[in-house]
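Chains as they are written, first to last, in the numbering used here: chain A, 1260 to 1369; chain B, 10 to 122.
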């Protein structure tokens, strides 16, 4: 079993829909990252969370440390949101190794 | 511009050849790392460094070598390329605490034939 699990693996939505991507992890962490990767492109950091909730424009990320769960929400989705969204946790301990989920491929259709 | 500079973007190697992927950051980050990304799998850690002169192995270190002579640079060397090393490689940097944004290079698509 992977230490970081994302769901769903694939998601197709219509433009304007509210989207939720989930991330569950089984290790102790000091922080959690949500990343975005466009096809053939680089990886961009969207959020870094250690507690609570953060919002940037139409993107909202939440984390529940007790339940070892985080969600990424996209409101009023747009085709340009189509990308792979990756959850990565910063494993606790002396070094801040990132452990990655396998990603969620999101396609937003016009 | 601040960030992580990774080169080259594309590379084709013949089996047995060696090469170095370059990674440089100008944010004075202590933590730098190399990952490979393969279809259906999350990014996997190859090697990492917590500061100049300090490196350690990650999850999939075999066939790769790293050094960290300066804070800014963290090159990844493929000693004798194999087809199994065909992948997309990413360099990343962040603060040592891990509690700040992580920055990634543009990626290197490597094909070994």
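Think of the CB as a built atom: it goes at the ideal place given N, C-alpha and C, for glycine as much as any other residue.
Give the interface partners of residue i over in chain A, defined as CB-CB distance under 7 Å, in chain order.
i                      : result
residue 41 of chain B  : The contacting residues do not exist; residue 41 of chain B stays about 11 Å from chain A at best.
residue 115 of chain B : 1301
residue 76 of chain B  : Here the premise fails: no neighbours, minimum Cβ distance about 18 Å.
Can you pull the chain B neighbours of residue i, defined as C-beta to C-beta under 8 Å?
i                       : result
residue 1304 of chain A : 110, 111, 112 and 113
residue 1362 of chain A : 51
Whose CA, out of the options, lies closest to the CA of residue i?
i                       : options                           : result
residue 119 of chain B  : B:12, B:13, B:14 and B:30         : B:30
residue 1313 of chain A : A:1349, A:1356 and A:1293         : A:1293
residue 1279 of chain A : A:1320, A:1350, A:1357 and A:1301 : A:1320
residue 63 of chain B   : B:42, B:51 and B:117              : B:42
residue 90 of chain B   : B:109, B:26 and B:111             : B:26
residue 1307 of chain A : A:1362, A:1266 and A:1346         : A:1346
residue 58 of chain B   : B:78, B:15, B:72 and B:114        : B:78
residue 1288 of chain A : B:82, B:117, B:108 and B:84       : B:108
Taking C-beta pairs closer than 7 Å, name the residues in chain B that residue i reaches, listed in chain order.
i                       : result
residue 1292 of chain A : 111
residue 1359 of chain A : 51 and 52
By Cβ distance below 6 Å, which residues in the same chain neighbour residue i in space, the five residues on each side in sequence not counted?
i                     : result
residue 21 of chain B : 120
Leaving out the 5 sequence neighbours to the left and right, which residues in its chain are closer than 8 Å to residue i when beta-carbon positions are compared?
i                      : result
residue 95 of chain B  : 119, 120 and 121
residue 52 of chain B  : 44, 45, 46 and 99
residue 111 of chain B : 101, 102 and 103
Mind pulling the chain A residues with CB within less than 9 Å of residue i?
i                     : result
residue 99 of chain B : 1301 and 1302
Could you name the residues of the same chain whose beta carbon sits closer than 7 Å to that of residue i, not counting the 5 residues immediately before and after it, in chain order?
i                       : result
residue 70 of chain B   : 55 and 56
residue 1341 of chain A : 1365, 1366 and 1367
For residue i, which residues in chain B fall below 9 Å Cβ to Cβ?
i                       : result
residue 1309 of chain A : 108
Along chain A, in chain order, which residues have C-beta atoms closer than 8 Å to that of residue i?
i                      : result
residue 96 of chain B  : In chain order: nothing, as chain A lies at least about 14 Å away.
residue 102 of chain B : Near residue 102 of chain B there are no residues of chain A at all, since even the closest Cβ is about 11 Å away, more than 8 Å.
### Query
Any contact of the segment 36-52 of chain B with the segment 1303-1318 of chain A, i.e. 3+ C-beta pairs under 8 Å?
Judged by pairs of C-beta atoms under 8 Å, the segment 36-52 of chain B does not touch the segment 1303-1318 of chain A, as fewer than three such pairs exist.
### Task
State whether the segment 1324-1337 of chain A contacts the segment 13-20 of chain B, with contact taken as three or more CB pairs (one from each stretch) at a distance under 8 Å.
Below 8 Å, too few C-beta pairs join the segment 1324-1337 of chain A and the segment 13-20 of chain B to call them touching: fewer than three.
### Task
Mind listing, in chain order, the continuous beta strand (DSSP E) runs of no fewer than 3 residues lying wholly within the segment 11-48 of chain B?
Complete beta strand (DSSP E) runs here, min 3: 13-16, 19-22, 28-34 and 40-46.
### Task
Give, in chain order, every unbroken run of the beta strand (DSSP E) that is at least 3 residues long and sits entirely within the segment 80-107 of chain B.
Correct list: 85-87 and 96-103.
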